[in-house]
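Below is the structure:
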């Protein structure tokens, strides 16, 4: 009788494999990216630091580029024996393109695959505009150059904001935008000094040659930012809907928080834009010999405050929320207007500009950050940023006319009081209708 096969069969235990070998085929091992769970590899950390420093330098040099199109334009055109009406018309063309191009510029940045490409294209356009101004200062070329510069700026501003938030994620966006504001303020100050020296020791057109040359270090700095380092949506923890996107107009007009913010910013710039020109007129009347130096100091003081406090404002935005800082920035404006109205000393007028620095530090961080908050998951960040920029531009354009009418009919004292009242109305509107936009991060 034969024995049962089942009784004589030797049971072979399966080979016990190390736990690390049980993984799907083709899966990447954790230690390919990190030495310990939850850590990022040294190469990834180095790439992130390199990109962050590249963005610091890029923001600094972009501010250098934009400074060349500031007060130096009027000086250059005057030296070229342009009439005041021609100068005003050329500047108006630039302002109109800047105002009308905000929304299309933001939509363009939303549409392109590479924000770095959009930023680089804008830098090249701005530099070529400066070169054209220096080489061929004819009326038609100047109008085209001013239009090209303004259109490129409408693309460059949202591109930098998108690169910044995509690089660090929404959770650290406030701190990153604060660093941007700080380096931008440093760039403005350094460029103003360099270009002033060029205009004084060389010639006024040397300012625009220097602006054109700055394209080289600006593009080099941009190259240090890794292309597509981390997708924007992934870093923000957002989910992109697979259905069709709503139209651009509907995305703006149905966003209540965005409309509230745009209305508040319109009132702020309606009160703010004309204050420094009014101060310049007062200084010219009261201290004509030192007016230029005092006006320069009025410009530098806010930049110094912004450079010092920008990163701190970004960190505070993540700790306290957006609304408290917005209230501080808005409150500084009516206080500044009241102090201007009741101050006669030229030196005190310069000191009061510290409040302008407070507002500049707040809004340099808060504008892109709040817009990012209220458009998360929509894919319309840059479009919405352009819409808010348009609202700010409308307020600024009307501000100088309003202040001029008040100053002519009621005097500068009443003009400052009127602007302070408008600023107070903006503060009240913000306090009443603007919600907190910071969202709790999902762990």
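Numbering (the working numbering), first residue to last: 10 to 452.
Glycine included, every Cβ here is placed at the ideal spot set by N, Cα and C.
Being a predicted model, the structure only gives us computed values, none of them experimental.
Nearest-angstrom Cα distance between residue i and residue j?
i	j	result
residue 306	residue 317	16 Å
residue 441	residue 314	28 Å
residue 164	residue 382	20 Å
residue 175	residue 128	14 Å
residue 434	residue 68	33 Å
residue 265	residue 384	11 Å
residue 367	residue 342	9 Å
residue 167	residue 398	10 Å
residue 99	residue 177	39 Å
residue 116	residue 260	12 Å
residue 242	residue 110	For residue 242, the predicted model reports a pLDDT of 43, less than 50, meaning its position is unreliable and no value from the coordinates is stated.
residue 114	residue 120	10 Å
residue 410	residue 276	14 Å
residue 85	residue 235	38 Å
residue 130	residue 356	43 Å
residue 364	residue 358	11 Å
residue 42	residue 181	At residue 42 the pLDDT is 36, less than 50, meaning the model places this residue with poor confidence; the figure from the coordinates comes in the next sentence. Distance between the alpha carbons of residue 42 and residue 181: 22 Å.
For my contact list, residue i and residue j are in at a C-beta cut-off of 8 Å; report their separation, rounded to the angstrom.
i	j	result
residue 406	residue 108	7 Å
residue 221	residue 140	4 Å
residue 425	residue 340	At roughly 16 Å, the Cβ-Cβ gap does not stay under 8 Å, so residue 425 and residue 340 are not in contact.
residue 59	residue 233	6 Å
residue 454	residue 230	The shown model of the chain, from 10 to 452, leaves out residue 454, and the question about it has no answer.
residue 187	residue 374	5 Å
residue 319	residue 190	4 Å
residue 72	residue 196	3 Å
Measure the CB-CB distance between residue i and residue j and report whether it falls below 7 Å.
i	j	result
residue 158	residue 172	no
residue 204	residue 216	yes
residue 332	residue 184	no
residue 438	residue 273	yes
residue 415	residue 278	no
residue 289	residue 304	yes
residue 346	residue 432	yes
Classify residue i as buried or exposed, calling it buried when 16 or more other Cβ atoms lie within 10 Å of its own Cβ.
i	result
residue 312	buried
residue 124	buried
residue 420	exposed
residue 75	buried
residue 94	exposed
residue 112	buried
residue 270	buried
residue 62	exposed
residue 92	exposed
residue 138	buried
residue 106	buried
Alpha helix (DSSP H) containing residue i: first to last residue?
i	result
residue 111	111-120
residue 158	148-177
residue 278	265-281
residue 388	Looking at the DSSP string, residue 388 is not in any alpha helix (DSSP H), and its letter there is neither H nor E.
residue 188	182-210
residue 233	That residue, residue 233, is in no alpha helix (DSSP H); it is neither H nor E in DSSP.
Got a sec: is the Cβ-Cβ distance from residue i to anything in chain C below 7 Å?
i	result
residue 166	Protein chain content of the structure displayed is limited to a single chain, and chain C is not contained in it.
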